[in-house]
Amino acid sequence: MQESQIDWTFLVMAAPFLAAFVAPLLKRLLGSGASWILAAAPAAMFVYFLGLIAPIASGSVIANGFAWAPSLQINFSYRLDGLSLLFALLVSGIGTFILIYAGAYLKGHAHQGRFFSFILLFMGAMQGLVLADDFMTLFVFWELTSITSFLLIGFDHTREAARRAALQALVITAGGGLCLLAGLLIMTGLVGVHSMSEAIALGSSFAENPYYLPVLILLLGGAFTKSAQFPFHSWLANAMEAPTPVSAYLHSATMVKAGVYLLLRVHPFMGETVLWTTILPLFGGATLLAGTLLALRQTDLKLILAYTTVASLGLLVMLTGTSNETAILGALVYLLAHSLFKGGLFMMAGSVDHEAGTRDLRELGGLGLKMPVTFLSGLVLAWAMGGLFVTLGFFAKEAMYEGLLHGEGTTPVTLGVAVLGNGLMFAAAFAVGLLPFIGKRPENLSGAHEGPIGLWIGPLVLACLSVVGIVFAAFTQEALIGPTLAAVAGAEPHPDLSYAIHVNEAFAASGVTWAIGILALLALRPVRRGLAAILDAIGWSPDRGFDQLVNGLTTGSAAVTRFIQNGDLERYLSITFTVLALALVVPLVVFGEWPHAPETFALAPHEWAVMGLAAVGLVAVIVAENRLTAIVSLGIQGFAVALIYMLFGAPDLSFTQFMVETLSVVILALVMTRLSLMTADRRNMFQRAKDGTIALACGIGTAALLIAVTNQPFDSRLSDFFAEHSRTIAHGRNIVNVIIVDFRGLDTLGEIAVVMITGLAILALLRFPAPWRQTRAVEEEK
Amino acid sequence: MSTVIFRAIAPYLTALMVLFSVFVLLRGHNNPGGGFIGGLIAASAFAIYGIAYGVPPVRRALRFHPMGIAAFGLVLAALAGVPSLLGGKPFLTALWAYPKIFGMEVAVSTATFFDIGVYLVVLGTITSVALSLEERER
């Protein structure tokens, strides 16, 4: 990398964020047509990455970075190899069509500009994630995808379901992100590896590292939550609360694949161990079966697709977990195929919903002639998802079966799970891509017709690519899959990708798959009823578990709060001051460190007068008949203290003390008006004695501590420094203020932030009175 | 608390105190004073006005929500640190300039803006709390 040249990759990484910045403005100027212009950003990114295919296919790895936090050895760096490139192409390519689609789908939506912004931010986060090399760069983008997807899923924030889904996605994926962070910190802190490039250089030797196991578990925590593996899968299905363009993007190209991306990324140095080949297929397989069964149970097009995404991710994880080159080849082709057909099918389902007004399979039918282009793309996409011949899905399936049949690290169980899962996925594919378009058309759908170009261009192009990808098998193999496989499985693999049918055992397994699929499709209604009955009988799901967890947390914390903060202010104060008194007095007694009494009390008469004033104020507080008198008397005492400051050469402090004292009297008086100012002290003798003891202990302790401090020789280094330099460096003679605004400006900035936040908290407390107070107010009204 | 004498004198007292608070704020760099104490004085001034005339006139007089003023102050204080950052120095390093205005040399520094930020945060927050306490229904 030449230093002088502009690194275009950094620019491309920034592009979506810049586009997100201008999106609302463009939307305001151009209306929903702005989507076509905004789509130019991902399109340009896509073209840029296309241009990198040739160098990367020839085996080079492009990497660059700059120091981000040099003292912490954190860089902002990227690494472009086959795997990153494939993902970058998917993110930008599918992103282009998602933007165009969103322009048409959300036309007239009040917050369309905001939506464009969010989805572009999300795109940038996802792109950064797949390009990131440095661990901290990776983590920042990883969490950024969680946050931006939270915004997207909860986009219709007025609906409670959307808010819940967004929160659930954030809690699960960001929680997993914290696992990932812990894993990455172990990698940097204990293993001494700061980036993916360095980690990949470790190779399989890392498996013998003592930290392998904790890192593996933590990384899997991140990957499994992000990729919605069982039992974390519920957020993904709920994420379809988001507008359809988001679902299409989230489920196809981006967010959910981030976990799979991470697994593939770390495979070179973490894969091929017994743990890896046990844990991953176990969770992946469970997710695959759970996902397909849940999918077939649904009648909502988007929900069916959402659960098949869960299943597909399970399949990918399972295949990655075999660490077997052919199976991973199958996984990679499937990943590409899945991104195309799932993105397309989601957009197609959205179009049907948009035109027909419903997504329920039971209410749909016969739309084929009304929406021919949508029908055609739906059929082709379902064809690809079902893994039928002359699509990428077909080859993916053949490769994975070949790997599972003959490769290492697999068992017949894995193969069986894959065949069953794929078969059920076949049924789900055609349920979505075929059933709405055939059969009798219900009366209320007569108004349905083909949508505008923005709605069908995406599905159509993705459908074409699903087919073209295999027709130009040589290109797909050389340019996309080969380099990716090299990045994941190492060495120099030789993917054998062609559109020819090989009649062998794998093909036989395909036959079984199709048979299962067709049977399930024909018997869809009874299957659905049966599954629903079974799931109802179980009655519990991780989704409900999430609610139980959240409810448990809130009720638990409420119980703790009730225990610790019982609302009795007197008790808080006596506890606080008892602790303070003990902390002050006990060390002095235990260690016998009572200070020497000051030797002289040589004070001038006016100084004695001020002291006397303070004492008078104190006595007045104690004997006060009502609260207002007590507050004002406290003010006398405070002013006396301020005078003392002034007499002993601290005018700033004195000044501040005057004002603080005035304001505390005012505010206390205002607070006390709520509690009736005229009420006299109603404590009994015992309480008075107790409070008096605590107060005396605090006072004696504080005084003793201060005298002890002044007994020590005065260290004047700091005051000398400030006295010497405040004029020369900070151009000010008032040392106190110079310290506040100049030498320790950052502290002050933090402090005023605290002041403001405290103010906000007080306002919140005043605005929303405690529940018991509200109920009491209601009772009083009665 | 709103006696005739108090009500009559409150506006003048408030105006004087606000003026004094600005004076205290600006002299703070060389003499006792500064943003924090200035903000407290100004907050007291508005508290007095509020006690005399009630909360709505104070809110009208302030024009902005006190919390908005505080937020503006916080942003201003943070921004005061940015110019030095652009100059390659650590965040919040004070920069000084001595432009001549009407033939008089005036010392202008980012620290002054920082202090104004402190002033506004203190003023806004305390006033906000005092006003909310005062205006709640009894």
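Going down the list, the protein sequences come from chains A and C. Straight run, no breaks: the first sequence in the numbering used here ends on number 1773. Straight run, no breaks: the second sequence in the numbering used here ends on number 139. Even glycine gets a Cβ: it sits at the ideal position worked out from N, Cα and C. On a predicted model such as this, the values are computed, not experimentally measured, just so you know.
Counting only Cβ pairs nearer than 9 Å, list the residues of chain A close to residue i.
i	result
Glu106(C)	Residues of chain A passing the Cβ test: none, with the nearest at roughly 13 Å.
Ile102(C)	Neighbours of Ile102(C) on chain A: none; closest Cβ ~18 Å, over 9 Å.
Would residue i count as contacting chain A if we go by Cβ distances under 8 Å?
i	result
Ala46(C)	no
Phe7(C)	no
Pro84(C)	no
Pro33(C)	yes
Leu80(C)	no
Leu87(C)	no
Val23(C)	no
Ile10(C)	no
Val109(C)	no
Val15(C)	Position check: residue 15(C) holds Thr in this sequence, whereas Val was assumed. Chain A, which has no Cβ nearer than 8 Å to the Cβ of Thr15(C), makes this no.
Val59(C)	no
Does DSSP classify residue i as helix, strand or coil?
i	result
Met1362(A)	coil
Ala1058(A)	strand
Gln1511(A)	For the sequence presented, residue 1511(A) should be read as Ala rather than Gln. Helix, per DSSP.
Lys101(C)	strand
Ser1457(A)	helix
Glu1263(A)	coil
Asp116(C)	helix
Ile1138(A)	helix
Glu1399(A)	coil
Ala1500(A)	helix
Leu1310(A)	helix
Closer than 9 Å by beta-carbon distance: list the chain C residues that pair up with residue i, in chain order.
i	result
Ile1622(A)	Neighbours of Ile1622(A) on chain C: none; closest Cβ ~13 Å, over 9 Å.
Gly1640(A)	Those within 9 Å of Gly1640(A) in chain C number zero; the least Cβ separation is about 11 Å.
Ile1658(A)	Ala48, Ile127, Val130, Ala131, Leu134
Could you confirm whether any beta carbon from chain C is found closer than 8 Å to the beta carbon of residue i?
i	result
Asn1725(A)	yes
Pro1061(A)	no
Val1632(A)	no
Gly1414(A)	no
Asn1617(A)	no
Gly1357(A)	no
Ile1753(A)	yes
His1722(A)	yes
Ile1529(A)	no
Met1650(A)	yes
Leu1609(A)	no
Asp1643(A)	yes
Gly1626(A)	no
Who are the neighbours of residue i on chain A, taking C-beta pairs under 7 Å?
i	result
Gly77(C)	It should be pointed out that residue 77(C) corresponds to Leu in this sequence rather than to Gly. Chain A residues near Leu77(C): none, gap ~10 Å exceeds 7 Å.
Gly29(C)	Asn1725, Asn1728
Looking only at its chain, what residues have a beta carbon closer than 6 Å to the beta carbon of residue i, apart from the 5 residues adjacent to it on each side?
i	result
Arg1432(A)	Gly1356, Gly1357
Leu1135(A)	Ala1116
Gln1628(A)	Ala1605, Gly1608, Leu1609
Gly34(C)	Val25, Arg28
Thr1653(A)	none
Which same chain residues, not among the five before or five after residue i, have their C-beta less than 7 Å away from its C-beta?
i	result
Phe1126(A)	Leu1175, Met1178, Thr1179, His1185, Ser1186
Val1206(A)	Gly1174, Ile1177, Met1178
Ala1688(A)	Ala1572, Val1576
Leu1370(A)	Gly1424, Leu1425
Residues of chain C with CB closer than 7 Å to the CB of residue i, please, in chain order.
i	result
Asp944(A)	For residue 944(A) there is no data in the structure shown, the boundaries of chain A being 992 and 1773.
Asp1351(A)	Ordered by position in chain C, no residue passes the 7 Å Cβ test against Asp1351(A), which lies about 48 Å from the chain.
Thr1719(A)	In chain order: nothing, as chain C lies at least about 12 Å away.
Val1462(A)	Ordered by position in chain C, no residue passes the 7 Å Cβ test against Val1462(A), which lies about 55 Å from the chain.
Leu1560(A)	Here the premise fails: no neighbours, minimum Cβ distance about 16 Å.
Using a C-beta to C-beta distance shorter than 8 Å, which residues of chain A count as neighbours of residue i?
i	result
Ala72(C)	Met1747
Phe37(C)	Thr1647, Ile1731
Val123(C)	Ile1743, Val1746
Leu20(C)	Per Cβ cutoff of 8 Å: no residues; Leu20(C) is ~15 Å from chain A at best.
Phe65(C)	Chain A residues near Phe65(C): none, gap ~14 Å exceeds 8 Å.
Give the interface partners of residue i over in chain C, defined as CB-CB distance under 8 Å, in chain order.
i	result
Thr1739(A)	Ala78, Phe115, Val119
Ile1635(A)	Neighbours of Ile1635(A) on chain C: none; closest Cβ ~16 Å, over 8 Å.
Can you find the residues in the same chain that come closer than 8 Å, C-beta to C-beta, to residue i, ignoring five residues on each side of it along the sequence?
i	result
Ile1028(A)	Leu1017, Leu1021
Requested in this report: With a floor of 4 residues, list each alpha helix (DSSP H) that falls wholly inside the region 1192–1237 of chain A, ordered by position along the chain.
Outcome: 1203–1217, 1225–1229
Report task. Could I get the ranges of all uninterrupted alpha helix (DSSP H) runs contained in the region 1698–1765 of chain A, with 4 residues as the minimum, in chain order? Result -> Here the runs fully enclosed are 1708–1719, 1726–1729, 1736–1758.
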